[in-house]
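Accompanying notes for the structure given below.
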Amino acid sequence: MKFLFDFFPILLFFIAYKLYGIYAATAVAIAAAFVQNAVFWYKHRRFERMHLVTLGLIVFLGGATLIFQDKAFVMWKPTAVNWAFGLAFLGSQFFGNKTLVERMMSHAIEIPRFAWSRLNISWVIFFVLMGLANLYVANMYFLADAALMSAANSEIDIDNCNRLNESLLGLCQHAKTMEEQWVNFKLFGMMGLTVLFVIGQAFYLARHVKPEDEPTLEKVEQDQGN
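Mapping of the sequence shown onto the numbering used here: position 18 corresponds to residue 725, and the numbering continues sequentially without gaps.
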């Protein structure tokens with residue numbers, strides 16, 4: 708359920724995009740991020756740091772998209788979020804007694820310290836690659852849009868391609884298709900890759916989980932101290 712709750716703003720963005728376009732979807736995503744944080748606070752009387760980071764970035768980049776009517780800002784947002792998370796996880800590798808992964812999961816599962824460290828680094832790599840993947844998909848739209856603008860010598864509303872002459876119609880439709888592919892990737896691609904990654908981590912965790920009756924290093928040290 709938490710996984711779906713984390714993707715709540717993205718899902719609403721996708722639905723709003725299909726109905727009203729990317730600018731309306733951006734406004735909906737900003738509102739959804741506020742609701743997400745409010746609901747979490749109401750249930751737990753605290754805020755989730757990742758939700759706050761996402762809120763800050765969608766307000767900043769989404770707001771810039773709406774103010775300047777420039778889709779590039781909101782298309783950069785998934786990369787900014789993933790790289791912000793990656794930086795936070797990487798920082799926890801060197802500062803503090805526990806990595807972020809261990810802090811989030813050690814209450815539910817017990818594995819050796821080296822395994823927590825490897826798990827944390829794998830999340831860093833995952834976030835970096837997800838950010839790059841978003842840039843790759845978004846860049847296909849940027850290139851298609853640039854080609855359209857160059858041919859038209861002016862800005863074109865790709866939601867109204869049918870009003871254009873035949874020489875520009877194909878370029879406009881291609882740009883719209885690339886925009887839709889980015890929106891689809893933002894929901895289905897990122898969600899699917901995250902699910903696959905989490906499943907892979909579950910197999911990794913299973914290899915290192917200690918049986919309940921197996922003494923841990925900490926327990927042995929405690930027993931020796933007694």
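Heads up, the beta-carbon is just placed ideally off N, CA and C, and yes, glycines get one too.
Give the range of the alpha helix (DSSP H) segment to which residue i is assigned.
i: L742; result: In the sequence as displayed, the identity of residue 742 is Val instead of Leu. Segment 729-751, the alpha helix (DSSP H) holding V742.
i: F792; result: 778-799
i: K883; result: 873-891
i: L762; result: 756-764
i: N846; result: 820-859
i: I865; result: Unbroken run through I865: none, as it is neither H nor E.
i: V905; result: 897-915
Given a threshold of 16 other Cβ atoms within 10 Å of its Cβ, counted over all protein chains shown, does residue i qualify as buried or as exposed?
i: M837; result: buried
i: D864; result: exposed
i: K725; result: exposed
i: Y848; result: buried
i: K893; result: buried
i: K883; result: buried
i: K750; result: exposed
i: I737; result: buried
Just how far apart, CA to CA, sit residue i and residue j?
i: R753; j: L764; result: 20 Å
i: A739; j: V808; result: 26 Å
i: A731; j: A845; result: 19 Å
i: E873; j: A851; result: 16 Å
i: A853; j: L762; result: 30 Å
i: S813; j: L912; result: 11 Å
i: I774; j: F712; result: 28 Å
i: G793; j: S824; result: 14 Å
i: I906; j: G899; result: 11 Å
i: F910; j: F715; result: 26 Å
i: R810; j: V902; result: 21 Å
i: F895; j: Q880; result: 22 Å
I'd like the list of long-range same chain contacts for residue i, defined as Cβ closer than 8 Å, with 5 residues on each side in sequence excluded.
i: A791; result: V760, L764
i: V916; result: I816, E817, I818
i: K805; result: S799, S813, W823
Short of 7 Å in beta carbon distance, which residues of its chain neighbour residue i, apart from the five on each side in sequence? Order them along the chain.
i: V735; result: L719, F720, A723
i: K778; result: I729, T772
i: L876; result: C868
i: W748; result: F754
Leaving out five residues on either side along the sequence, give the residues of the same chain with a beta carbon under 6 Å from the beta carbon of residue i.
i: T786; result: G838, N841, L842
i: F780; result: L768, A771, T772
i: N789; result: F834, M837, G838
Are the C-beta of residue i and some C-beta of chain B separated by less than 8 Å?
i: S813; result: Considering every chain present, this structure includes no chain B. It has just one protein chain.
Check whether the region 884-892 and the region 815-823 are in contact - that is, three or more C-beta pairs closer than 8 Å.
When Cβ pairs closer than 8 Å are counted between the two stretches, the region 884-892 is seen not to touch the region 815-823, the count staying below three.
Within 8 Å, do at least three Cβ pairs link the region 822-835 to the region 788-803?
Contact holds: three or more Cβ-Cβ distances are below 8 Å.
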